[in-house]
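Everything on this sheet refers to the single structure shown next.
Number of protein chains: 2
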Amino acid sequence: MLGLMQDWPLLCHRIIDHAAKVHSGREVVTRSVEGPIHRTNYAEIRGRALKLAQRLDRQGIKLGDRVATIAWNTWRHLEAWYGIMGIGAVCHTVNPRLFPDQIAWIINHAEDRIVMTDITFIPILEKIADRLPSVERYIVLTDKVHMPQTALKNAVPYEDWIAEADGDFTWKTFDENTAAAMCYTSGTTGNPKGVVYSHRSNVLHSMIVNSADALGAASKDTMLPMVPLFHANSWGIAFSAPSMGTKLVMPGAKLDGASVYELLSSEKVTFTAGVPTVWLMLLQHMETNNLRLPDLKVVICGGSAAPRSVIKAFDDMGIEVRHSWGMTEMSSRGTAGALQGKFSHLKGDAKLDRLQMQGYAPFMVEMKITDDAGNELPWDGTTPGRLKVRGPAISGAYYRVNDNILDGEGFFDTGDVATLDEYGYVRITDRSKDVIKSGGEWISSIDLENLAVEHPKVAEAAVIGIHHPKWGERPLLILQVRKGESATREEILGFMDGKIAKWWMPDDVAFVDSIPHTATGKILKTALREQFRGYSFPNAAA
Amino acid sequence: MLGLMQDWPLLCHRIIDHAAKVHSGREVVTRSVEGPIHRTNYAEIRGRALKLAQRLDRQGIKLGDRVATIAWNTWRHLEAWYGIMGIGAVCHTVNPRLFPDQIAWIINHAEDRIVMTDITFIPILEKIADRLPSVERYIVLTDKVHMPQTALKNAVPYEDWIAEADGDFTWKTFDENTAAAMCYTSGTTGNPKGVVYSHRSNVLHSMIVNSADALGAASKDTMLPMVPLFHANSWGIAFSAPSMGTKLVMPGAKLDGASVYELLSSEKVTFTAGVPTVWLMLLQHMETNNLRLPDLKVVICGGSAAPRSVIKAFDDMGIEVRHSWGMTEMSSRGTAGALQGKFSHLKGDAKLDRLQMQGYAPFMVEMKITDDAGNELPWDGTTPGRLKVRGPAISGAYYRVNDNILDGEGFFDTGDVATLDEYGYVRITDRSKDVIKSGGEWISSIDLENLAVEHPKVAEAAVIGIHHPKWGERPLLILQVRKGESATREEILGFMDGKIAKWWMPDDVAFVDSIPHTATGKILKTALREQFRGYSFPNAAA
Ligand SMILES: Nc1ncnc2c1ncn2[C@@H]1O[C@H](COP(=O)(O)OP(=O)(O)OP(=O)(O)O)[C@@H](O)[C@H]1O
Ligand SMILES: Nc1ncnc2c1ncn2[C@@H]1O[C@H](COP(=O)(O)OP(=O)(O)OP(=O)(O)O)[C@@H](O)[C@H]1O
Ligand SMILES: [Mg+2]
Ligand SMILES: [Mg+2]
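So the protein lines, in turn, are chains A and B. Sequential numbering of the first sequence, starting at 514, is according to the numbering used here. Sequential numbering of the second sequence, starting at 514, is according to the numbering used here.
What follows is the structure, encoded as structure tokens:
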């Protein structure tokens, strides 16, 4: 017996239809790439997205064709998402911070037919354009006045191009499992892998994000996504904000502390989301200039482990900081670190301890941890295991990769190692590729890094496992000190001593000028392992 | 091209799985029908629901079979929902306040195989049992100690019955469009009609309810649903609360002001939801005893138009009151009256005016208003039209009724008449069957009723259209005055004069001892029209 409810497929463009109807005048404010602040609203965004859809359709872009965007967070980029998806084409967001070779590889792998780009990235594209045979034309996200000279094939300013359409167009309809978007992973552990979102998964994910403990912004709220539209599906914000009628503030190309503070403050932003690096920049700017953000209520911090100092700084200002863990493959939301009722009374270090965990899974994200053989491990808060996940907005396969990536129960291995406690709180202790196995036991590199950066002289810390004749592997602590500071091995190890189990203490400390990062700001341990390939511990003489 | 995300059907029992895993210790507190306060949690609820599922399965209850519940809001009733749905059977909630004949008609129409009932309703069932051929056995939601003597076929106490199962059972899996539950409409305008929810529609609806402007409770919140599980899908709360890990407080059989206040206060409830009648009782109790509810943050008021006095009373206490409109056919959420950013600064009467509207549609509820011929009418805040809706949690057909209930665009006619403004705010002015057509123009009976009840002597007001030789129809105002009061026609009309258009003024006022209500507390205008069938206006002499 079937239910007798309406057949209403979950399609992304229905979100912008809703916003344009019920929250038509709600603003989308952008620091434009060209410079000035630009203001529009959801009704206009939809109208222009329809023009784009019509123009793409006339160009012969069909269901399933890939259209790439390489662009900052702006209103035009948002229009591009809805315009592309609204005809059943696939919006492929490309991360401009990848190496040019990686960008070329990704565009070719996706076989993008059109590339929509900000002015900023024209030089990169010009360098690789002759290696991109599938690309038929480039749309530059600007107007005629700001259009630079470029050799890119059939390049045309976005504003002129969509002006060729009159907007008298209706979205296409299709099955909700149709591909809507593609995003490649950050390439931290190897080459980026192609994740293909469906309309259904995007809509369901936006509903997860809209729930109170995940993000839960209301229509009266104002959201500034520091997380780029090209990073892991923009953490769902490009869908969740219009679906609720939340005002959007787009930071464009300027992500430095001063620029971000200015927008947060002048637009009275109440919710924001981004990686730890941008919060470090913002907090430093605020501290130096003794600034406050009285309207800001919630900061989502994710993408890599949030330093305790960042959590404490926001918490001290009375701003709720939610540490989130997620992946490109999870659309991106895996957890959110809201405090459950049981913990809402916590204060001081106990509170920070809880906030520094990665939070717990929302409904629609199922979790388990297992040993290497796939046996489930207990949720006791101490046993680390491979974290595996299941849900309707989680990858079941990579694009053009035939491997089965699900286990017998349909769970996807995140590649992360974590503990889970009885309240469902996750603590990410490592990537399984970064885990240090000493005498058969696991040492968490993230825990060591978190502790080391608490030392006032340390700017950033990375721990890698180095072969040890007796223990198999032992931790090497690699440090970048703060500008103008210098530190010694003994000073740092002395600071750490007593705060962790004795056998976790790094066997050595190496100081480097800078720690290498991925395109999304994570520590690139593959590069560090390469760099320290010849290294052996002073105490390693067999 | 399809997305490459996991195939994870939206199934109701996955909600209780999530709650039992991530919010296992979160409490469900009930004022039990037997008397004492009962405490359990989501992990236990799931364990017992699994036992019920196993026991039903052993009884031969199969996919698609209907199992009825006639019960108050208790933990056992909640277990029954998940246990029944978890094997693909259909949980048919029956409203015990219907006339016995209606109850019999509904149970027969649904062909329920099992009836699960509270002690309270045994006498009603005993009266109609010999007319219920499809029912094979009765499960009484109590334990052996409290089990009354009854002639009901194969009657057994719930606790004994589920104790026959050991709970070593796994939910069945099936397509997400499988029927999960049934609920008949309230029978305000005719005979109740059978609405059949699917697993998909229930899960999607719970996600709507979880969004900030609809309900948006967090895991740290405590929710007391005054709305019964048998009323319009419990407004989604039986799903939304466990999906978020929100603590639940169940009022059982005691809905009077004192009992409800006691629970709201002692359990520090933060969210609650119910029909205007229960709020009137609560507010009167609080006023009489000079009480406060410092923990309560949000009150949802829906099911029929919320009196301004109720809205004002909560607002004066600093409690956010959200006026919601919905229907059994909408699972039930149609709108919620949170204040959009544009209106959040409002004060005094301007604020009350906005709060008294029925709010706006969340994402996944599409709306239009049309004239009788189906032409769309403008969202100008003044033009009333037939309100039509579309979405994945809205009925596409009634159970065992062959009529097509959708228009050419797939919209369902709500039977309500409303205005929509440019911000999407709905104002319900009438049922289309209750609309008064005077000289070709519509007069809103709800507006007249709202105004009349503002008179201090008036307890309740109903307006019906009575034939008029000149105008076609004119409004008759029917009043029930407060206990101990008496009022005159002139007094009331004088009070209304100047507050509405002259031609809206009722042509006469009739005083009655009591205004008849439906099983869900709505004014039963069909009965009033019957009662005033012979009436003609004093001014109606042709
Ligand atoms: N809050 C967090 N704390 C710790 N680690 C996090 C957090 N959020 C995200 N991560 C890390 O980021 C990963 C997901 O990142 P993303 O999808 O951008 O690509 P990547 O895993 O870095 O790259 P690749 O999969 O190509 O190696 C997670 O698997 C996890 O290792
Ligand atoms: N906030 C509200 N303001 C005004 N009317 C409301 C409100 N909420 C619900 N209603 C009325 O209740 C109706 C839905 O009620 P329900 O589904 O319980 O059955 P019913 O419509 O009363 O009965 P039937 O359909 O059998 O005649 C709506 O169509 C509307 O007329
Ligand atoms: Mg990864
Ligand atoms: Mg109805």
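Think of the CB as a built atom: it goes at the ideal place given N, C-alpha and C, for glycine as much as any other residue. Being a predicted model, the structure only gives us computed values, none of them experimental.
Who does M1096 of chain A pair with in a DSSP beta bridge? The requested residue 1096 of chain A does not occur in the structure, where chain A is confined to residues 514 to 1055.
If you measure between the beta carbons of G1034 of chain B and W984 of chain B, is that distance less than 8 angstroms? Translated into the one-based positions of the second sequence, residue 1034 of chain B becomes position 521. Translated into the one-based positions of the second sequence, residue 984 of chain B becomes position 471. No, they are not a contact pair.
Under 8 angstroms by beta carbon: chain B residues contacting V603 of chain A: Your numbering for residue 603 of chain A matches position 90 in the first sequence. The contacting residues are M514.
Just checking: is the beta-carbon of P738 of chain B within a distance shorter than 8 angstroms of some beta-carbon in chain A? The residue you call residue 738 of chain B lines up with position 225 of the second sequence. Judged by the 8 angstroms Cβ criterion, P738 of chain B is not in contact with chain A.
How about A798 of chain B and G815 of chain B: do their beta carbons lie closer than 8 angstroms? As a working mapping, residue 798 of chain B is identified with position 285 in the second sequence. As a working mapping, residue 815 of chain B is identified with position 302 in the second sequence. For the record, residue 798 of chain B in the displayed sequence is His; it is not Ala. Annotated as distal: H798 of chain B and G815 of chain B, with beta-carbon spacing of 8 angstroms or more.
Rounded separation between N554 of chain B and I675 of chain A - CA only: The sequence position of residue 554 of chain B within the second sequence is 41, counting from 1. The sequence position of residue 675 of chain A within the first sequence is 162, counting from 1. Linking N554 of chain B to I675 of chain A through their CA atoms gives a straight-line distance of about 56 angstroms.
Whose C-beta lies closer than 6 angstroms to the C-beta of A1040 of chain A among residues of the same chain, with five residues either side of it excluded? Here the question's residue 1040 of chain A lines up with position 527 in the first sequence. These residues qualify, in order along the chain: P1029.
Y873 of chain A: contacting residues in chain B (beta-carbon distance under 9 angstroms): The count along the first sequence starts at 1 and reaches residue 873 of chain A at position 360. Per Cβ cutoff of 9 angstroms: V535, H536, S732 and G758.
Contact set between the segment 718-730 of chain A and chain B, restricted to residues whose Cβ is under 7 angstroms from the partner: Legend: CB atoms of the segment 718-730 of chain A lying less than 7 angstroms from CB atoms of chain B belong to residues M720, N723, S724, A725, D726, G729 and A730.
Cβ of T691 of chain A less than 8 angstroms from any chain B Cβ? On the first sequence, residue 691 of chain A is found 178 positions in, with the first residue counted as 1. Taking Cβ atoms only, chain B reaches closer than 8 angstroms to T691 of chain A, which makes this a yes.
Skipping 5 residues on each side, what residues in its chain have a beta carbon closer than 6 angstroms to that of T841 of chain B? As a working note, residue 841 of chain B is residue 328 in the second sequence. Shown here for T841 of chain B: same chain residues with a beta carbon closer than 6 angstroms to its own, the five before and five after excluded, namely C696, T698, V708 and A745 in chain order.
Apply the 10 Å Cβ neighbour rule to P661 of chain A and answer buried if 16 or more other Cβ atoms are within range, or exposed otherwise. Within the first sequence, numbered from 1, the residue matching residue 661 of chain A stands at position 148. Answer is exposed; the Cβ neighbour count stays below 16.
Can you tell which of A:K534, A:P764, A:V580 and A:E986 has its C-alpha closest to the C-alpha of G548 of chain A? Here residue 548 of chain A refers to the residue found at position 35 when the first sequence is read from its first residue. Closest by alpha carbon: A:P764.
From the DSSP secondary-structure annotation, give me the bridge partner or partners of Y710 of chain B. By one-based count along the second sequence, residue 710 of chain B stands at place 197. Answer by DSSP bridge pairing, in chain order: B:A694.
Three-way DSSP call (helix, strand, coil) for E624 of chain B in this model: Locating residue 624 of chain B in the second sequence gives position 111, where the first residue counts as 1. Coil.
Our contact map puts I558 of chain A next to I529 of chain A with C-beta atoms below 8 angstroms; I'd like the distance itself, whole angstroms only. The count along the first sequence starts at 1 and reaches residue 558 of chain A at position 45. The count along the first sequence starts at 1 and reaches residue 529 of chain A at position 16. Their Cβ separation, rounded to whole angstroms, is 7 angstroms, which keeps I558 of chain A and I529 of chain A in contact under 8 angstroms.
Using a Cβ-Cβ cut-off of less than 8 angstroms, list which residues of the segment 935-966 of chain A approach chain B; keep chain order. Here the close residues are E935, Y936 and G937.
CB contact check: H531 of chain B to chain A, cutoff 8 angstroms: Within the second sequence, the letter at position 18 stands for residue 531 of chain B. Yes, H531 of chain B lies at the interface with chain A (some Cβ there is under 8 angstroms from its Cβ).
Pick from A:I956, A:I813, A:V878 and A:L768: whose alpha carbon is nearest that of A532 of chain B? Here residue 532 of chain B corresponds to residue number 19 of the second sequence, with the count starting at 1. Comparing C-alpha distances from A532 of chain B to each of A:I956, A:I813, A:V878 and A:L768 shows the shortest one belongs to A:V878.
Below 7 angstroms on C-beta distance, what does V709 of chain B contact in chain A? Within the second sequence, numbered from 1, the residue matching residue 709 of chain B stands at position 196. Taking the beta carbon of V709 of chain B as reference, the chain A residues within 7 angstroms of it are G516 and L517, listed in sequence order.
Any residue with its C-beta under 7 angstroms from a non-hydrogen atom of ligand 3 counts. Can you list them all in chain order? Taking a cut-off of 7 angstroms from the heavy atoms of ligand 3, the residues with a C-beta inside it are A:T698, A:S699, A:T701, A:T702, A:M840, A:T841, A:E842 and A:G928.
Cα separation between E954 of chain B and A965 of chain B? The residue given as residue 954 of chain B occupies position 441 in the second sequence. The residue given as residue 965 of chain B occupies position 452 in the second sequence. So the two alpha carbons sit approximately 21 angstroms from each other.
Chain A contact for P905 of chain B (CB, 8 angstroms cutoff): The residue given as residue 905 of chain B occupies position 392 in the second sequence. Look at P905 of chain B: its C-beta is under 8 angstroms from a C-beta on chain A.
Measuring only from the beta carbon, is I907 of chain B closer than 7 angstroms to any heavy atom that is part of ligand 2? Mapped onto the second sequence, residue 907 of chain B falls at position 394. No.
Status (buried if at least 16 other CB within 10 Å, exposed otherwise) for F612 of chain A: Start at 1 with the first residue of the first sequence, and residue 612 of chain A comes out as number 99. By the 10 Å Cβ count, F612 of chain A comes out exposed.
Under 8 angstroms between the Cβ atoms of I956 of chain B and P988 of chain B? By one-based count along the second sequence, residue 956 of chain B stands at place 443. By one-based count along the second sequence, residue 988 of chain B stands at place 475. Cβ atoms of I956 of chain B and P988 of chain B: closer than 8 angstroms.
Could you tell me whether the segment 781-799 of chain A touches the segment 740-758 of chain A, where touching means 3 or more Cβ pairs closer than 8 angstroms? Taking 8 angstroms as the limit for Cβ pairs, the verdict is that the segment 740-758 of chain A does touch the segment 781-799 of chain A.
Whole angstroms is fine: what's the gap from D578 of chain A's alpha carbon to T683 of chain A's? Counting from one through the first sequence, the residue named residue 578 of chain A turns up at place 65. Counting from one through the first sequence, the residue named residue 683 of chain A turns up at place 170. When rounded, the separation of the alpha-carbon atoms in D578 of chain A and T683 of chain A is 18 angstroms.
Chain-ordered neighbours of Q662 of chain A on chain B, where CB pairs are closer than 7 angstroms: Looking up residue 662 of chain A in the first sequence gives position 149. Within chain B, no residue comes near Q662 of chain A; the closest Cβ sits about 36 angstroms away, beyond 7 angstroms.
Which residues bound the beta strand (DSSP E) around E540 of chain B? Along the second sequence, read from residue 1 onward, the residue named residue 540 of chain B stands at position 27. Per DSSP, E540 of chain B belongs to the beta strand (DSSP E) from E540 to R544.
Just checking, does the segment 759-777 of chain B make contact with the segment 798-809 of chain B on the three C-beta pairs under 8 angstroms criterion? Verdict: yes, contact present.
Flag this pair as yes or no: are the beta carbons of A668 of chain B and V648 of chain B separated by less than 8 angstroms? Residue numbering aside, residue 668 of chain B sits at position 155 when the second sequence is read from its first letter. Residue numbering aside, residue 648 of chain B sits at position 135 when the second sequence is read from its first letter. No, the pair does not count as a contact, with Cβ atoms beyond the cut-off.
Chain-ordered residues of the segment 863-897 of chain A with a beta carbon less than 9 angstroms from chain B: The segment 863-897 of chain A vs chain B, Cβ under 9 angstroms: Y873, A874, P875, F876, M877, V878, E879, M880 and W892.
Does DSSP put K881 of chain A in a helix, in a strand, or in coil? Translated into positions along the first sequence, residue 881 of chain A becomes position 368. Residue state, collapsed to three classes: strand.
Spatial neighbours of K950 of chain A within its chain, please: CB distance less than 6 angstroms, with the 5 preceding and 5 following residues excluded, ordered by chain position. As a position in the first sequence, residue 950 of chain A is number 437, starting the count at 1. Excluding positions up to five away in sequence, the list reads G985 and E986.
To the nearest angstrom, report how far apart I627 of chain B and I583 of chain B are at their CA atoms. In the second sequence, the residue the question calls residue 627 of chain B occupies position 114. In the second sequence, the residue the question calls residue 583 of chain B occupies position 70. One C-alpha to the other measures close to 11 angstroms.
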